[in-house]
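Numbering (mature numbering (1 follows the signal peptide of the UniProt record, and there is no 0)), first residue to last: -24 to -1, 1 to 355. Data first, discussion second: the structure below is written as structure tokens.
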Amino acid sequence: MTPPCAGTAAVVGCFALAALGLSACESPPAAGPVKPSVATSAESVGGMRALIAAAQREGALRAMALPRDWAGYGSLIDGFEKKYGIKVTVENPLGHSEDEIDALAKRGNRPTAPDVIDVGDTFARKAAARNLLAPYKVAAFDQIPGDQKDAKARWTNNYGGYISIGCDARRVTPCPQTFADLLKPAYKGKVALEGDPPRSATAFASVYAAALANNGSFDDVQPGLDFFAELDKRGNFNPVASDAATITSGRTPISINWDYVNLGYADQLRDKGVKWQVAIPFDGSFAQYYALATNKRAPHPAAARLWQEYLFSPEGQNLRLRGYARPVLMDAMRQDGTLDTAAAARLPTVEGTPQFPTDAQLEKARETVTRGWAKAVPG
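Set out below in structure tokens:
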């Protein structure tokens, strides 16, 4: 084996390095830590301790559209604040994915801009295409399935669930179990969505599920629009956006929403006299994950990245699970023994392995729903 600095070329190279003040044939030193605003991992900013210290100096995190009763967010916000001493402000908790993207685009790096977003993955793709998101790999990035993250790490799915039908059994008898049931005369004026499908990822997914229940496919979401047009024509569609308050008051006695939201309502509203029952419709089984991402121009860039690390940690993922959401790292945590198995056992049983539309199918469906919703349900 040739020794270091053997040969004329090598000798010249070693002397050149020596002239620069480096040991002969030694590699140049690695670049030092970068600023949080351009960090692509905790390691790049100097490690978790450095990231935590920088986030604590910022002292704040801004988010939008994170209701406390959604997928464990109440516990997650409280846990993050207690663990790191960083105040979390949530603007417009009942907002939608499109509202978050609008805020990123319009507010830039102003103090009121959201540091992080939580959106349906169709909306995450849209934000990435508009160059609004910062690439960032959480520590668990490599454990996340490839179809649940952006290859450039601009967004990463964190939790998910199935579209379900929630029903107040004290106001409605019997409660519907399928999309076909929702067309029955008994449900006149009772069937609500969580929001407007062109702006709400939940409502968009509800249209997709209705399509699958009516001979549609991942390639063809039009039957979902046709279903809601028929629901509206029969007078069964209720245009009020459903939430805990409208359910409690009886304004939305039937609500199509994610199973983790409806199951959370069942717990939350029991003491208020609401007997909320939840069914995952077998005729339109649709699963989807929600993506987390960091604002490219976040006013609190270190806190934004620390928030992502927390939500992808075993602690954060188990808090998701206790909120009835399915954490994206569930299989990996089951294998390494960090999963809260008692919380996992509370999830509703579903048949088969969930299937997910491709990026192209999602984009096509989003365009179809955005273009066709007002025509299908002119309200």
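For glycine and all other residues, C-beta sits at the position ideal for the given N, C-alpha and C. Keep in mind the model is a prediction, meaning the values are calculated, not measured.
Pairwise C-beta distances place the region 30 to 42 in contact with the region 80 to 94, as three or more of them are shorter than 8 Å.
A distance below 6 Å between beta-carbons, with the five flanking residues on each side excluded, links G50 to the following residues of its chain, in chain order: R44. For F155, the three-state secondary structure derived from DSSP is coil. With respect to the 7 Å criterion, W131 and A269 are classified as neighbours on the basis of their beta carbons. T149 and I223 have their alpha carbons spaced roughly 16 Å apart.
The beta carbon of T65 is closer than 8 Å to those of A36, L37, R38 and A39 in its chain, skipping five residues each way along the sequence. Residue pairing by DSSP puts N233 in a beta bridge opposite S140. Taking a C-beta distance under 7 Å as the contact criterion, R146 and K272 do not qualify as a contact pair. Here P333 is buried. Its C-beta has 16 or more other C-beta atoms within 10 Å. Fully enclosed beta strand (DSSP E) runs of no fewer than 3 residues occupy 63 to 67 and 92 to 96 of the region 62 to 138, in order along the chain. Listed in chain order, the non-local C-beta contacts of Q244 below 6 Å within the same chain comprise D45, local neighbours out to five positions each way being set aside. Look at Q244 here: in three-state DSSP terms it is helix. Within 10 angstroms of the beta-carbon of E327 lie fewer than 16 other beta-carbons, which makes it exposed.
With a contact defined as Cβ atoms closer than 8 Å, L287 and Y60 miss out at about 13 Å. Proximity of the region 200 to 207 to the region 180 to 188 meets the contact definition, three or more beta-carbon pairs being nearer than 8 Å. Straight-line measurement puts the Cα of S13 at about 15 Å from the Cα of G23. Judged by DSSP in its simplified three-state form, Y184 adopts helix. As the crow flies, the alpha-carbon of V353 is around 56 Å from that of G8. Between A217 and G171, the C-beta spacing is below 7 Å. Here the region 117 to 134 makes no contact with the region 208 to 216; the two share fewer than three CB pairs at distances below 8 Å.
Between the region 105 to 121 and the region 72 to 86 there are three or more C-beta pairs closer than 8 Å, enough to call the two in contact. Sequence-distant Cβ neighbours of N294 in its own chain, meaning closer than 6 Å and more than five residues away, are D316.
Nearest in C-alpha terms to G96, of all of G142, A116, F117 and H72, is H72. Of the candidates A341, L42, A29 and G48, the residue whose Cα lies closest to the Cα of P199 is A341. Under a 10 Å Cβ-count criterion, F99 is classified as buried, with 16 or more other Cβ atoms of the shown protein chains found around its own Cβ. About 26 Å separates the CB atoms of G313 and D235; that is not less than 8 Å, and the two are not in contact. Secondary structure at W252: strand, using DSSP grouped into helix, strand and coil.
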